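535 is the number of the first residue of the sequence shown in my numbering; add one for each residue after it.
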Amino acid sequence: MTTDPHQIHRDRLVAQLRANGVLDETWAPAFAAVPRHVLVPRWYTPSNGNWLSHTAAEDPAGAYADETLVTALDGGTVGIPTSSSTAPGLMAGMLRGLDVHDGTRVLEIGTGTGYTTALLCERLGSENVYSIDVQPEVVDAARQRLNAAGYTPTLATGDGRQRQLALDAPVERIIATCSVPYIPPAWIDQLAQGGLILAAIDLGIESGAVALRLNGRKLEGSFTRHTVSFMPARFPNAPTGAQRLDYAPTTATRPTRLTAGIIQDHYAYRILLASRLPDVQRVMWTDGAERALQLQKRDGSAWARVPLNDAETSPTVTYGDTDLWAVAEQTWTDWQLAGRPAHDTYRVTQHDGELTIHE
């Protein structure tokens, strides 16, 4: 009989992930062995505009919940989340897609709490795991907790988008637990031919996980079946607050059949729309009690929005400078005529720094 009081929570988590179909036998032993409560001793949950603090000592079951746990805020106990421990179910799906074998060498971009790092160490051995994070205090805490759990991977502090971790040979796999707009050249430089990169690509309107193999200097693959939403990769000492854009003035208002609810309900459509509007973001717009879904160019030169209240009988789109919503409407029609293809049917390539989604 086990003497570890946390094992029952790990076993329940493994049973839940198996029942959900996201955990296979390749990774089940790692999830059953890695002590998440050691790597995530404290986390925060939102409550009435504030954050409540939780500890694994007080809530051991919560430490093993299949949920993403916010573990750091830019104001200490207030502000914007800056680090988190991704939901185990999501990581199980991503790790399965990583397609590792005994002895596979893996570079992880975004150490975070070290939970994913520990899973990689448990499966592949600490000597085959490399991880980098931009925040020194995060790396230091992860190293201490990983060592306490018995894992000794190679860790480094720096901008993971650059080649700042000395490797004696290229790795066979790269996994990123932060989002990037395209695959940085430094990752390609550190990847063996035929190697696989699994990363979340932030397309502005939507983000998606891609699995891309290296062929020469070209990356080829597709979106993965699992959807992800990771925090964006950060520059060292970068501010976390978002700067409000100066929007173009209102040009027109007209009726539309494409509501905010339609866009929010169809992930594959958002991926397609993002491929057609690569310099556009999807944001929530507010003005007092009024709330809307807004598409906007990153420089604010064009925008279009519809109210979030889809119950209204005659929804309208308001836009400035350029009617971005017309592209969204045409894309919605095209996606339906194509049979509403799933997001993982879209091929993805990157060559000479240009990432392309193929319909």
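Note that the Cβ used here is the ideal one computed from N, Cα and C, for glycine as well. These figures come from a predicted structure and were not determined experimentally.
Exercise. Going by other Cβ atoms of all chains shown within 10 Å of its Cβ, with 16 needed for buried, is S581 buried or exposed?
Worked result: Taking every protein chain shown into account, the CB of S581 has fewer than 16 other CB atoms within 10 angstroms, so this residue is exposed.
For this session: Could you pull out every residue in the same chain whose Cβ sits closer than 7 Å to the Cβ of H540, ignoring the five residues on either side in sequence?
Result: Excluding positions up to five away in sequence, the list reads P569, H571, P594.
For this session: Please confirm if A703 has its CB atom under 9 Å from at least one CB of chain C.
Result: The question asks about chain C, but that chain is absent: this structure has only one protein chain.
Exercise. Can you give the beta carbon distance from A794 to P841, rounded, assuming they're within the 8 Å contact cut?
Worked result: Yes, A794 and P841 are in contact; Cβ-Cβ is about 7 Å, under 8 Å.
Exercise. Would R804 be called buried (16 or more neighbouring beta carbons within 10 Å of its own) or exposed?
Worked result: By the C-beta density criterion, R804 is buried, having at least 16 other C-beta atoms within 10 angstroms.
Exercise. For L547, does the three-state DSSP call read helix, strand or coil?
Worked result: Of the three classes helix, strand and coil, the one that applies to L547 here is helix, per DSSP.
For this session: Could you spell out the range, first to last residue, of the beta strand (DSSP E) harbouring T785?
Result: First-last for T785: undefined, no H or E at that position.
Problem set entry | N584 - DSSP class collapsed to helix/strand/coil | Here N584 sits in strand by DSSP.
Exercise. Who pairs with V705 in a beta bridge, going by DSSP?
Worked result: L725.
For this session: Indicate whether W577 and A597 have their beta-carbon atoms separated by less than 9 Å.
Result: In this structure, W577 places its C-beta atom within 9 Å of the C-beta atom of A597.
For this session: Tell me whether V668 sits in a helix, a strand or coil according to DSSP, three-state version.
Result: In the structure shown, V668 sits in coil (DSSP, three-state: anything other than H, G, I, E or B).
Exercise. Sorted by chain position, which residues of the same chain lie with C-beta nearer than 6 Å to A567's C-beta, five sequence neighbours on each side aside?
Worked result: Closer than 6 Å at Cβ, skipping near neighbours: E656.
Exercise. For P575, which residues from the same chain have a beta carbon less than 7 Å from its beta carbon, with the 5 sequence-adjacent residues on both sides left out?
Worked result: The beta carbon of P575 is closer than 7 Å to those of T589, A590 in its chain, skipping five residues each way along the sequence.
Problem set entry | Neighbourhood of Q550 by C-beta, 7 Å cutoff - its chain only, sequence neighbours within 5 removed | Within the same chain, D600 come within 7 Å of Q550 by CB-CB distance, once the 5 residues on both sides are set aside.
For this session: Check the DSSP bridge columns for M818 and list the partner residues they point to.
Result: Paired residue(s): L827.
For this session: Using alpha carbons as the reference points, say which of Q830, L792, T856 lies closest to Q849.
Result: With the sequence shown as reference, residue 849 is identified as Pro, and Gln is not the correct amino acid for it. If we check each option's Cα against that of P849, L792 comes out closest.
Exercise. Among residues of its own chain, excluding the 5 on either side of R759, which ones have a beta-carbon nearer than 6 Å to its beta-carbon?
Worked result: The residues D878, in chain order, have a CB closer than 6 Å to that of R759 in the same chain once the five nearest residues on each side in sequence are set aside.
Exercise. CB-CB under 7 Å to T784, same chain, minus the five flanking residues each way: which ones, in chain order?
Worked result: Once the five neighbours on either side are set aside, the close Cβ partners of T784 are T852, G854.
Problem set entry | Buried versus exposed call for G555 [16 or more other C-beta atoms within 10 Å across all chains shown] | Exposed, since its Cβ has fewer than 16 Cβ neighbours within 10 Å.
For this session: Could you spell out the range, first to last residue, of the alpha helix (DSSP H) harbouring I796?
Result: In the DSSP annotation of this structure, the continuous segment of the alpha helix (DSSP H) that includes I796 starts and ends at 794–799.
For this session: Assign P687 to one of two classes, buried (16 or more other C-beta atoms within 10 Å of its C-beta) or exposed (fewer than that).
Result: By the neighbour-count rule (16 or more Cβ atoms within 10 Å), P687 is buried.
For this session: Alpha carbon to alpha carbon, how far is L858 from Q815? Give it in angstroms, no decimals.
Result: Going by the C-alpha atoms only, they are around 11 Å apart.
Problem set entry | Validate contact between the region 673–686 and the region 645–655 using beta carbons, cut 8 Å, 3 pairs | Yes, the region 673–686 is in contact with the region 645–655.
Exercise. Going by alpha carbons, who is nearest to R874 out of L806, A621, Q828, N584?
Worked result: When L806, A621, Q828, N584 are compared, the shortest CA-CA separation from R874 is found for L806.
Exercise. Taking buried to mean at least 16 other C-beta atoms within 10 Å of its own C-beta, is I739 buried or exposed?
Worked result: Per the 10 Å Cβ criterion, buried.
For this session: Tell me whether the beta-carbon of G834 lies closer than 9 Å to the beta-carbon of Y781.
Result: Contact flag set, yes.
For this session: Could you tell me whether the region 723–742 touches the region 688–695, using the rule of 3 or more Cβ pairs below 8 Å?
Result: The way I'd put it, the region 723–742 doesn't touch the region 688–695; fewer than three beta-carbon pairs between them come closer than 8 Å.
Exercise. In angstroms, rounded to a whole number, what distance separates the CA positions of I891 and A682?
Worked result: If you take the alpha carbons of I891 and A682, they lie about 43 Å apart.
Exercise. Beta carbon of I735, beta carbon of S713: below 9 Å?
Worked result: For I735 and S713, yes; Cβs fall inside 9 Å.
Exercise. Among residues of its own chain, excluding the 5 on either side of P715, which ones have a beta-carbon nearer than 6 Å to its beta-carbon?
Worked result: These residues qualify, in order along the chain: D736.
Problem set entry | Option in S618, L889, E893, R552 with minimal Cα separation from T865 | The shortest Cα separation from T865 among S618, L889, E893, R552 belongs to E893.
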